[in-house]
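Written out below as structure tokens is the structure these notes cover.
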Amino acid sequence: MSSPPAPPSGPSLRVVVADNDPDALDLLELDLALEGHDIIGKGRNGSEAISLCRELNPELLVVDLRMPPGPNGVAVVEELKDQPGLAMIIYTNYRDEKLRARAKAVGAAYLLKGDLRTLRAEIAKITRR
Amino acid sequence: MTVPATPDRHRRDRVVLASAVAAVMLTSGLVVFTVLKAERDGTQALERLQQSQVQQLARSMNTRVETTFTSAAGILNNLKLSGKVADPGDKAQLDQLSTYLAKDARTGFYVVDGTGRLANGILLRSEAKIGSQVDRPGLADVLRSGKPAVLDVAAGLTTALPTIAYAFPITKDGALVGGVVSELDVSPESNFNAEVAQLKTGRTGDFTFVDRAGKVVASSELGLLGKQLDDPLVGDKRGFHRGGDRIAVVEPVPAASWRGVFRQSAEEFDGALTGPLKSALVLIVLAGTLAAGVGVVFLARRLRAAREEQRRLQEVSAVREEFISIVSHELRTPVAGLLGFLQTTLDHWDAMAEDERRRAIGRSLSSARRLHALTRDVLDSGSMEAGGLSYSFSATDLRDEVSSAVLATQDVLPDRVIRLTLADEPTWVSCDRERITQVLTNLLDNAVKSAPGSPLDVTVETRGGVAVVSVKDEGPGMNESELARVFDKFVRGRTSTPAGTGLGLYICKQIVNAHGGDIEASSVEGRGATVSFTLPLVPAPVESAV
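Just so you know, the protein sequences line up as chains A and B, in that order.
According to the numbering used here, the stretch in the first sequence is residues 12 to 140, in order.
According to the numbering used here, the stretch in the second sequence is residues 110 to 655, in order.
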């Protein structure tokens, strides 16, 4: 079996990930680590995501949308919008244009789960900034 | 599913209700109009009837007076009265005439001369007055005109009672020489009044005859006799009159210059006709109101029921839409996991260690299983709605199925503590193995999801003819309202990692019930939950029993 070449990875980012689904969290951790990033924090809900970002000062937050109870992904990025040096991506199964617009308004990307390459490409854009 | 927009429905409901009310009001209006018209027509007919009755009476009185005039003229023509004061010849003739008077006659008659002096008399109260002037209104006119007349009520000479009087002229050789006055008392006992006295009508109706001056000469209301009738309704004008709360009918008696009068309270007069009509009207209005009320209530109920149905449909529609949204999300979650782990493994194959690859593929498999379970739940619930699942029953040792299900869960979650306690003896039940495995998998998945990190206790025991399988966790548990709805369709647990479709326990209940068993949940909030189900025990199959 021949494996496809790994996509070129940019500079390493310090990343916090948050998702209430343990499988999704593990997948993010695995893939982003393999992409060369440094996973410095893992949260299971919105409140944890906020406190991890405040505490660890990461360069990137990848956060799920729906994580009851507590704030959802959009509320999290709105809360953290003024944190310096923090890029934010909402990574979700929900397609919702209003939420996407709210995320965009605070400079966060809104991506649908399913294709990791879309996520990697978005992260690559961030690293090029 | 499309449901008509609520504002349109409400507007239509209001139009229907308003039309019904308008129709009822229109009908009521027509009924009331018809009844009122009937009442007016009836009243007019009643007035005409009353008028003709009074006319009849007046005419009859008139005829009586005229007859009296005629017969008196005949008698007087046979007499040879001189009209002179105290004339013995005249006196003899009057005595002769008095034999025609009844024995108990209460009034008599007298002769006056041409100048109105009392000349002679029968039953005079005072003979001493003979020769003196008779002061009786109307008498002078008779002596002047030579025409007989009925004189108005006045004091008489032959009785102490008030009297009326017939006055006839006496002529001798064509010349007017005096007159004869025949008095009749105006009193309840008089023969003249006897007929009129019987005519009293109802409570308030009276028939009365008044003279020119308005004095009562005869009446069914005995108290009025001889008195002035002061009644604004009774004028000179003939016909039917209405005034205030009374009615009066006035008809002339020309021969006597009297007026015949009928008077009654309007209420009693109209009541004869309008009483029944009013009762009918009240009944119609009551019946109409009742019918309209019942109709409106019925209609309003129908409308409310329709609205309720519409609201229910909207609820069902909303629940379905939410379900579709949930299911699509729930399906995307394992799909994302499945795709993601495979993709990352393929993309980083060389960078990953052997055990990393194995773990990632294992996660893909677990996501695929979740996807499989979800699609099965959705399809099963569809089948259940469409008329039930099909089952293939066979004798099974329930311990085997439970052990397998626990093992499968432990495979995916090697770190989770799952304690399994099995009955010592084989636990034979008749079941569809796949379906019972589905129930067990659902219960284990639920326990895993709703009690993160908690150890699980799974037991199989027998109790009074049934096998009991319990899955117990030490998670947050459920409160009473959650417990009450836990087996309802689309009800999802509050701990949501991820949330689930809300179909799992619903399907479990359907499957267990189809096996003749029961399923129940119990919980102490904050101290975990237990879901257990029963299946009826069956005898061991022959080959195993041997």
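For every residue, glycine included, the Cβ atom is placed at its ideal position computed from N, Cα and C.
Query                                                                                                                                                                                                            : Result
Please list, in chain order, the chain A residues whose beta carbon lies closer than 9 angstroms to that of Phe432 (chain B).                                                                                    : Those do not exist, as Phe432 (chain B) stays about 15 angstroms from chain A at its closest Cβ, beyond 9 angstroms.
At a CB-CB cut-off below 9 angstroms, which residues of chain B make contact with Tyr121 (chain A)?                                                                                                              : Correct list: empty, because the minimum Cβ distance to chain B is about 15 angstroms.
Starting from the C-beta of Thr571 (chain B), find all residues in its chain whose C-beta is less than 8 angstroms away, skip the five residues before and the five after it, and write them out in chain order. : Ala532, Glu534, Thr536, Val577, Leu646
In this structure, how does DSSP classify Thr639 (chain B) when only helix, strand and coil are distinguished?                                                                                                   : strand
Using the Cα positions of Gly332 (chain B) and Val326 (chain B), report the straight-line distance between them to the nearest angstrom.                                                                         : 11 angstroms
Grab the span of the alpha helix (DSSP H) containing Lys618 (chain B) for me, first residue to last.                                                                                                             : 613-623
Would Phe318 (chain B) and Val290 (chain B) be called neighbours here (beta carbons separated by less than 8 angstroms)?                                                                                         : no
Per DSSP, which residues does Trp537 (chain B) bridge with? Please list them.                                                                                                                                    : B:Asp506
Can you tell me the Cβ-Cβ gap for Val94 (chain B) and Ala389 (chain B), rounded? I've got them flagged as a contact below 8 angstroms.                                                                           : Since the displayed chain B opens at 110 and closes at 655, residue 94 (chain B) lies outside it and no answer follows.
Of all the beta strand (DSSP E) runs that stay within the bounds of the stretch 367-446 of chain B, which reach a length of 3 or more residues?                                                                  : 367-374
Tell me Gln94 (chain A)'s beta-bridge partners as DSSP assigns them.                                                                                                                                             : DSSP output for Gln94 (chain A) lists no bridge partner at all.
Taking the beta carbon of Ile433 (chain B) as the centre, do at least 16 other beta carbons fall within 10 Å, making it buried, or is it exposed?                                                                : exposed
In its own chain, which residues sit with a C-beta less than 7 angstroms from the C-beta of Arg121 (chain B), not counting the 5 before and 5 after it?                                                          : none
Given this structure, state the Cα-to-Cα distance separating Pro607 (chain B) from Asp627 (chain B), to the nearest angstrom.                                                                                    : Confidence at Pro607 (chain B) is low in this model, with a pLDDT of 48, below 50, so the placement of that residue should be treated as unreliable; the coordinate-derived value is given next. Rounded to whole angstroms, Pro607 (chain B) to Asp627 (chain B) spans 27 angstroms at the Cα level.
Taking 8 angstroms as the threshold (beta carbon to beta carbon), is Thr606 (chain B) in contact with chain A?                                                                                                   : The pLDDT assigned to Thr606 (chain B) is 46, lower than 50, so where the model puts this residue is not dependable; a value taken from the coordinates is nonetheless given after this. Taking Cβ atoms only, chain A reaches closer than 8 angstroms to Thr606 (chain B), which makes this a yes.
Alpha carbon to alpha carbon, how far is Lys281 (chain B) from Gln337 (chain B)?                                                                                                                                 : 38 angstroms
Determine, using beta carbons only, whether Asp107 (chain A) comes closer than 8 angstroms to chain B.                                                                                                           : no
Using the rule of at least 16 other Cβ atoms within 10 Å of the residue's Cβ for burial, across every protein chain shown, is Arg139 (chain A) buried or exposed?                                                : exposed
Could you tell me whether the Cβ of Ala401 (chain B) comes closer than 8 angstroms to any Cβ of chain A?                                                                                                         : no
Going along chain A in order, which residues have a C-beta closer than 9 angstroms to the C-beta of Gly562 (chain B)?                                                                                            : Going along chain A, no residue has its Cβ under 9 angstroms from Gly562 (chain B), so there is no contact; the nearest lies around 11 angstroms.
Excluding the 5 residues preceding and the 5 following Thr267 (chain B) in the sequence, name in chain order all residues of the same chain whose CB lies nearer than 8 angstroms to its CB.                     : Thr216, Gly217, Phe218, Tyr219, Gly230, Ile231, Leu232, Leu233, Arg234, Glu292
Which bits of chain B does Gly125 (chain A) rub up against, with CB to CB less than 9 angstroms?                                                                                                                 : Arg441, Val444, Ala445, Leu448, Gly449
Using a C-beta to C-beta distance shorter than 7 angstroms, which residues of chain A count as neighbours of Ala427 (chain B)?                                                                                   : Result: empty, since nearest Cβ-Cβ is about 17 angstroms, beyond 7 angstroms.
Report the residue ranges of all alpha helix (DSSP H) runs contained in full by the stretch 264-315 of chain B; include only those spanning at least 4 residues, in chain order.                                 : 300-306
Is there a Cβ from chain B that is less than 8 angstroms from the Cβ of Leu68 (chain A)?                                                                                                                         : Residue identity check: residue 68 (chain A) is Asn in the sequence provided, not Leu. Not closer than 8 angstroms to any Cβ of chain B, the Cβ of Asn68 (chain A) fails to qualify, so no.
Beta carbon of Asp261 (chain B), beta carbon of Asp320 (chain B): below 8 angstroms?                                                                                                                             : yes
Using a 10 Å radius around the Cβ and a threshold of 16 neighbouring Cβ atoms, would you call Asp213 (chain B) buried or exposed?                                                                                : exposed
Using a Cβ-Cβ distance under 8 angstroms, would Arg472 (chain B) count as near chain A?                                                                                                                          : yes
Considering only residues of the stretch 221-256 of chain B, which uninterrupted beta strand (DSSP E) runs meet the minimum length of 3 residues and lie entirely inside it, listed in chain order?              : 227-231
So which residues of chain A does Thr568 (chain B) contact, with C-beta pairs closer than 9 angstroms?                                                                                                           : Result: empty, since nearest Cβ-Cβ is about 27 angstroms, beyond 9 angstroms.
Please list the terminal residues of the continuous beta strand (DSSP E) segment that includes Glu360 (chain B).                                                                                                 : 355-362
Can you find a heavy atom of the ligand MN that lies under 7 angstroms from the Cβ of Ala29 (chain A)?                                                                                                           : Summarising the ligand content, the structure contains no ligands, and the ligand MN is consequently not present.
At the level of alpha carbons, what is the spacing between Ile100 (chain A) and Ser473 (chain B)?                                                                                                                : 24 angstroms
Let me make sure I understand the geometry here. Which of B:Tyr275, B:Ala195, B:Leu399, B:Pro648 has the alpha-carbon closest to that of Val130 (chain B)?                                                       : B:Leu399
Mind checking which residues open and close the beta strand (DSSP E) that includes Val487 (chain B)?                                                                                                             : Looking at the DSSP string, Val487 (chain B) is not in any beta strand (DSSP E); the run it does join, the alpha helix (DSSP H), is 463-495.
Can you give me the start and stop residues for the alpha helix (DSSP H) that Thr610 (chain B) sits inside?                                                                                                      : From DSSP, Thr610 (chain B) is part of no alpha helix (DSSP H); its letter is neither H nor E.
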